[in-house]
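Sequence lines, in order, name chains V and A. Numbering follows the numbering used here, with no gaps: position 78 of the first sequence is 78. Heads up: take any position in the second sequence, counting from 1, add 144, and you land on the numbering used here.
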Amino acid sequence: MSEEVKEVGKKRMEELQDELRSILGEIEYLREQIATVDAMISDLRAVDSTLTYIKEKGEGRSIYIPLGSGIAIRGKIENVNDLIMDVGAGIVIGANIDEVKEEIERRIDKLMNLRLTLLRSVEEDSRKVNRLLEEIRKLGGRKE
Amino acid sequence: MINSYKFLEAREKLRILRDTLSRYEIKLAEVENAREVLERTDGKVYRVIGGLIFEIDRDEAKAYLEKSELAFKSQVEKLKKEIEKLTSELRKLEAKAVGGA
Chain V
1 MSEEVKEVGK KRMEELQDEL RSILGEIEYL REQIATVDAM ISDLRAVDST
51 LTYIKEKGEG RSIYIPLGSG IAIRGKIENV NDLIMDVGAG IVIGANIDEV
101 KEEIERRIDK LMNLRLTLLR SVEEDSRKVN RLLEEIRKLG GRKE
Chain A
145 MINSYKFLEA REKLRILRDT LSRYEIKLAE VENAREVLER TDGKVYRVIG
195 GLIFEIDRDE AKAYLEKSEL AFKSQVEKLK KEIEKLTSEL RKLEAKAVGG
245 A
């Protein structure tokens, strides 16, 4: 094998390895995003179950309201249908319990769709990784 | 493999620009979501300022969101142009390095 051909092969190998590193980094990033989305969905489901409980048994009940750092103050639920929800951008909307539960469902649906899109990107990147590995293997074999 | 200082610096700048763009896109999506929720609900509207929640009227909320949307859209466009320009510069540097190697 001439020196020139060897040099071309070496350059190609470096290119492939660079591309492989970049895609593996992207997969890692996408997996982190999926974990974040999962945590958000789980948080929304927890709030939804709390709301279900409050709707059924909350009216007039005394509860401890968390103030942060494990400290809470005793209070009373006056009206289970007087809630506020943060809709982003510093805006908060007043709503009743069913409206809030509907909004939670909407948010979960959106996050599930996002999760699916991220999963598809991971699958696509994994296919690219397999193709690159195959090419690297072939190039390595040719060099030997 | 390209290791020139200029190339690495440009790549780092591109990464920072992409992160900033991503943050502005999230803010823009939040504003769009808030506008959408505001359209389909009829409850009272509040604005969070410095951790406190103030009741405001719907028109005030709409005007505030419209203004925010315009500002974020303009930032997103500006960042996209910068990213496009830097990507093309990076490609040129890459081609130069490969050609000169």
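Just so it is clear, CB atoms sit at the ideal spot from N, CA and C, and this is done for glycine as well.
- [ ] Below 6 Å CB to CB, which residues in the same chain sit around E144(V) once its five sequence neighbours on both sides are set aside?
- [x] Per-residue confidence for E144(V) stands at a pLDDT of 48, beneath the threshold of 50, marking its modelled position as unreliable; the derived number appears in the next sentence. By the criterion of a C-beta distance shorter than 6 Å, E144(V) is surrounded by no residue of its chain, once the five residues flanking it on both sides are discounted.
Task: Members of the segment 193-213 of chain A that neighbour chain V once the beta carbon cut-off is set at 7 Å - done: Listed in sequence order: I197, A205, L209 and S212.
Open item on the list: Run through the DSSP bridge pairs and tell me what K76(V) is partnered with.
Closed with: Paired residues: S62(V).
Task: L209(A) versus K150(A) - alpha carbon distance - done: Taking the Cα positions, L209(A) is about 41 Å away from K150(A).
Open item on the list: I need the boundaries of the alpha helix (DSSP H) containing G9(V), first residue and last residue.
Closed with: Segment E3 to K57, the alpha helix (DSSP H) holding G9(V).
- [ ] Verify whether the separation of the beta carbon atoms of L152(A) and I227(A) is less than 7 Å.
- [x] No.
Task: C-alpha distance - I260(A) paired with R31(V), whole-angstrom precision - done: This structure leaves residue 260(A) out entirely; chain A is present only between 145 and 245.
Open item on the list: Using beta carbons (cut-off 7 Å, strictly below), is R191(A) in contact with chain V?
Closed with: Closer than 7 Å: yes.
Task: Same chain only: Cβ atoms within 7 Å of G195(A), ignoring 5 sequence neighbours per side - done: Counting only Cβ-Cβ distances below 7 Å, and skipping sequence neighbours, we find nothing.
Open item on the list: Measuring straight from C-alpha to C-alpha, what distance separates A39(V) and V80(V)?
Closed with: Using only the alpha carbons, I get a separation of about 26 Å.
TODO: Have a look at G88(V) and D98(V) and give me their C-alpha separation to the nearest angstrom.
DONE: Taking the straight line from one Cα to the other gives about 19 Å.
Task: Distance between T231(A) and P66(V) (C-alpha atoms, nearest Å) - done: Cα to Cα, the separation comes out at about 49 Å.
TODO: Output the distance between the C-alpha atoms of E56(V) and S49(V), rounded to the nearest integer angstrom.
DONE: If you take the alpha carbons of E56(V) and S49(V), they lie about 11 Å apart.
Open item on the list: Using 8 Å as the cut-off, can you tell me whether the segment 216-224 of chain A makes contact with the segment 160-178 of chain A, which would need three or more C-beta pairs spanning the two stretches below that distance?
Closed with: Taking 8 Å as the limit for Cβ pairs, the verdict is that the segment 160-178 of chain A does touch the segment 216-224 of chain A.
Task: Residue-level contact to chain A via CB, V92(V), 7 Å cutoff - done: Taking a beta-carbon distance threshold of 7 Å, V92(V) counts as an interface residue toward chain A.
TODO: Go to A95(V), then tell me how far its beta strand (DSSP E) extends in each direction, as first and last residue.
DONE: For A95(V), the enclosing beta strand (DSSP E) starts and ends at I91 to A95.
Open item on the list: Under 7 Å, Cβ to Cβ, is there at least one residue of chain A near K57(V)?
Closed with: No, because no Cβ of chain A sits closer than 7 Å to the Cβ of K57(V).
Task: Segment limits, alpha helix (DSSP H) that includes D201(A) - done: From DSSP, D201(A) is part of no alpha helix (DSSP H); its letter is neither H nor E.
Task: Option in D201(A), E169(A) and L172(A) with minimal Cα separation from I93(V) - done: Considering only alpha carbons, the answer is D201(A).
Open item on the list: Is it buried or exposed, R179(A), if we count other Cβ atoms within 10 angstroms and call 16 or more buried?
Closed with: By the 10 Å Cβ count, R179(A) comes out buried.
Task: With 16 other Cβ atoms within 10 Å as the buried cut-off, status of Y190(A) - done: Buried: at least 16 other Cβ atoms inside 10 Å.
TODO: For E174(A), count neighbouring Cβ atoms within 10 angstroms of its own Cβ and tell me buried if that reaches 16, exposed if not.
DONE: Classification of E174(A): buried, given that the 10 Å Cβ count is 16 or more.
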